[in-house]
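A quick write-up on the structure given underneath.
Residue numbers (the working numbering): 927 to 1845.
The structure is reproduced here in structure tokens:
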């Protein structure tokens, strides 16, 4: 290996270095690259990052380093990475620009969604990369603050066609590769060096000749860890090296390396050790701040020379430790009193105006006993963190404030607030610990009930079954005398819990909850959205469908009116409002709620809520026969849940599989999903699974199987599922010669359709009646159903009505009329992509004597789901930046997709694209 080879010093890491070189080459030409380097401390991650930076000629470099003591400061890691690029901030779309400015404390405003901040960072990196290719390196990513880690993971998953390389280094086993925000990203695990490379590296570190047996022991104890090979011999005498490498040590390699650093630190003068402690306690690496603190502590300039000469730290514009283990060794080795003195000096030297939160954190670490002044300062820091969207940081500030609060009553209140913040930040275990601590203090009755309600909500979030129900009902009952509005909201949460638990909560579980909720105080006038839904759903489940229809329809109408329900209302209660619209067969509100939910989520950047809204809207488009649009929405929802690390939402995807009727594994897939839901206590998902199977089996003409699935779906009155299951049950039973079952289902449909009164409901009723009638009565009912469905968005039910009407006409030997209906059904179903139902129509057409060529539905799919979505938005006149903001990708990625769209559709401009049919 020549001396000019840049990989020469990375012994045993040639393949890794070459991979990083390829990564740079790909990024240089606009093919974004992401890589997570994983390995134990000292295995060479930081050295590889340095190789990457040194090799990135022509690239702009952005760096960030996770620091364990900085994990509680929201957006600290993200700010560290982006601060040098903020001159490009004004180029971002206004919502993104404002979100990033608020997150970084540059301006005030509503707390931004953390994934809108992620989109802003994505746009910022893309803007920078337009001028110059960009390499972002993030070392010790396991110690990034939570919101920075989530935002950067989101960016990593949305990069595609930008001249950007984003490389993380993560220490293991500090983090589980299968968990955390970076899980699933491309990764490379660094292994131990082979003996030959280890020996060569050891020899390069010790200039004197080393006894062969001593070298063997060092290599064995270092376990192929490069930093161990370089550091362990430090501090040992020549005699020790000659006679053997100390005693055999069973400690982990990282511990041994840290001990090596500790020996080197212990050999420094006292002032140098103190300076090293200051640098370790100050996570930003601000050299000016370090100098001010050194002056306060009377640390002379010779101390800095001593620590630099020891090779432990580098001073420049920023202070950089040779390795993170030096920082941790310096901090842990210090006497607790010295640590407190250093934090106190750091607090005094930190500007209370420009950096109040870090000052508060240092004051907290300097405190030796409860101190209300410090606790109050931490509480104010929590408020600021929450205003910036740093909920995890707010929880950390409040948790520390709780421990420093001398007054027991105030301590309990802060513990409850900390628990709420921890729960909102997605840390339920921490929230439960804080609740337990709060319970030990003197709380008033309202605080105790709020605590009980929060405990129930945590339980519901962890397992969406009936376990939370008794706790929610108890909290709601106790709140009635203390806070009527909170009591009603808690009753609505209890109804929601019962809706999810469904059949797993017992046959009359839903009714019992509804009766308790109906006894709640009347609530404010005019009623809030939550109050209206509570009254309607309580009547619906206590007294039956007809009793709840009037108040629920009134509530849904109010939602459609201007100013009917704020964006916050929509996002908070849509999980109940949307299935309620389906329950009422209200296709207009069904569509409106889905569309409005997606629009609200996009405008506010609420990526935690957006996947739910997308799947709801996808289900609307499935019923409209727009399978490709639904597929694009489902794909987007899946991409976002993957990027955000949330649980996937499978109902719309399974429904699409059933309607398409092509997947040979569909039955197993749907059944597996229902079984998985049962383990989480989601009984409603079991009902959904049986309903989806009934659709699949009816499409395939397997009516006995469809009947069995529909009957199972109808065993429980699931919100938004039971009525659709009755539709499938009547068809399956009428075809499987189960007339009594069909008649019983029809009687239930009559009650619901009369109470609903919509064309969708009355069309379902007319079609279902027709399936059980003969002669002219059936003929008239089929025609009525078609007329009613034509006035709705429910195209799949319209097509299926043409199908069953045509099947009936053929059995009546009215072949010419049958062909007309079956041809319409076949064309519609084939256009939708409903392969199984289309095949049913084709077989019936053949039976009438008409020749029909079997079509391959996949042949018409030219564009991918995302390409189709981007093409549709481009047809609507949106710019690349606007499309990117809509779909949470960069403008350059939009451009990359559009080039593929133009090629596939053989067009050369947006004008030509607008002239092509929407696919």
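From the three backbone atoms N, C-alpha and C, an ideal C-beta is built for every residue, glycine too.
Where residue i sits in the DSSP three-state scheme
i, result
"residue 1149", "coil"
"residue 1829", "helix"
"residue 1747", "helix"
"residue 899", "Outside the shown range of the chain, which is 927 to 1845, sits residue 899, and nothing can be said about it."
"residue 1210", "coil"
"residue 1854", "Because the chain here runs from 927 to 1845, residue 1854 falls outside it and cannot be looked at."
"residue 1063", "strand"
"residue 1172", "Because residue 1172 sits at a pLDDT of 39, beneath the cut-off of 50, its placement in the model cannot be relied upon, and the point is left open."
"residue 1834", "coil"
"residue 1451", "coil"
"residue 1108", "coil"
When the options are compared against residue i, the one with the closest alpha-carbon
i, options, result
"residue 1009", "996, 1690, 990 and 1020", "990"
"residue 1478", "1681, 1338, 1674 and 1766", "1681"
"residue 1253", "1055, 1210 and 1525", "1210"
"residue 1256", "1109, 1341, 1239 and 1543", "1239"
"residue 1078", "1093, 1088, 1087 and 1089", "1093"
"residue 1814", "955, 1085, 1296 and 1003", "1085"
"residue 1245", "1745, 1791, 1029 and 1213", "1213"
"residue 1380", "1451, 1368, 936 and 1402", "1402"
"residue 1542", "1508, 1529 and 1554", "1508"
"residue 1648", "1423, 1126, 1480 and 1510", "1510"
"residue 1689", "1665, 1227 and 1715", "1715"
"residue 1470", "1644, 1123, 1791 and 1525", "1644"
"residue 1243", "1609, 1229, 1215 and 1064", "1215"
"residue 1372", "1070, 1528, 1339 and 1297", "1339"
"residue 1670", "1058, 1641 and 1249", "1641"
Residue i classed as buried or exposed, judged by whether at least 16 other C-beta atoms fall within 10 angstroms
i, result
"residue 1033", "exposed"
"residue 885", "No answer is possible for residue 885: the residues shown for the chain start at 927 and end at 1845."
"residue 1733", "buried"
"residue 1144", "buried"
"residue 1576", "buried"
"residue 955", "exposed"
"residue 1233", "buried"
"residue 1837", "exposed"
"residue 941", "exposed"
"residue 1618", "buried"
"residue 1036", "exposed"
"residue 1120", "exposed"
"residue 1436", "buried"
"residue 1407", "exposed"
"residue 982", "buried"
"residue 1208", "buried"
"residue 1772", "exposed"
"residue 1739", "exposed"
"residue 1489", "Residue placement at residue 1489 is flagged as unreliable, the pLDDT there being 49, under the threshold of 50; the coordinate-derived value follows with that caveat. Exposed, since its Cβ has fewer than 16 Cβ neighbours within 10 Å."
"residue 1614", "buried"
Backbone CA spacing between residue i and residue j [nearest angstrom]
i, j, result
"residue 1045", "residue 1023", "10 Å"
"residue 944", "residue 1536", "40 Å"
"residue 1778", "residue 1753", "11 Å"
"residue 1803", "residue 1797", "10 Å"
"residue 1223", "residue 974", "37 Å"
"residue 1639", "residue 1425", "14 Å"
"residue 949", "residue 1091", "7 Å"
"residue 1749", "residue 1439", "49 Å"
"residue 1323", "residue 1109", "27 Å"
"residue 1169", "residue 1141", "Note that residue 1169 scores 45 on pLDDT, short of 50, meaning its location in the model is unreliable and no value can be drawn from it."
"residue 1706", "residue 1700", "10 Å"
"residue 1088", "residue 961", "15 Å"
"residue 1840", "residue 1801", "5 Å"
"residue 1347", "residue 1698", "57 Å"
"residue 1463", "residue 1504", "13 Å"
"residue 958", "residue 1327", "43 Å"
"residue 1456", "residue 1411", "9 Å"
"residue 1201", "residue 1230", "7 Å"
Where are the alpha helix (DSSP H) runs, 4 residues long or more, that stay fully inside the region 1563-1610, in chain order? 1577-1586 and 1592-1605
Which ranges does the alpha helix (DSSP H) cover as unbroken runs of at least 4 residues, wholly within the region 1276-1338, from first to last along the chain? When DSSP assignments are scanned along the region 1276-1338, the uninterrupted stretches of alpha helix (DSSP H) that are 4 or more residues long and fall wholly within it turn out to be 1282-1292, 1298-1313 and 1317-1329.
Taking only runs that begin and end inside the region 1700-1756, name each unbroken alpha helix (DSSP H) of 4 or more residues, in chain order. 1701-1716 and 1721-1737
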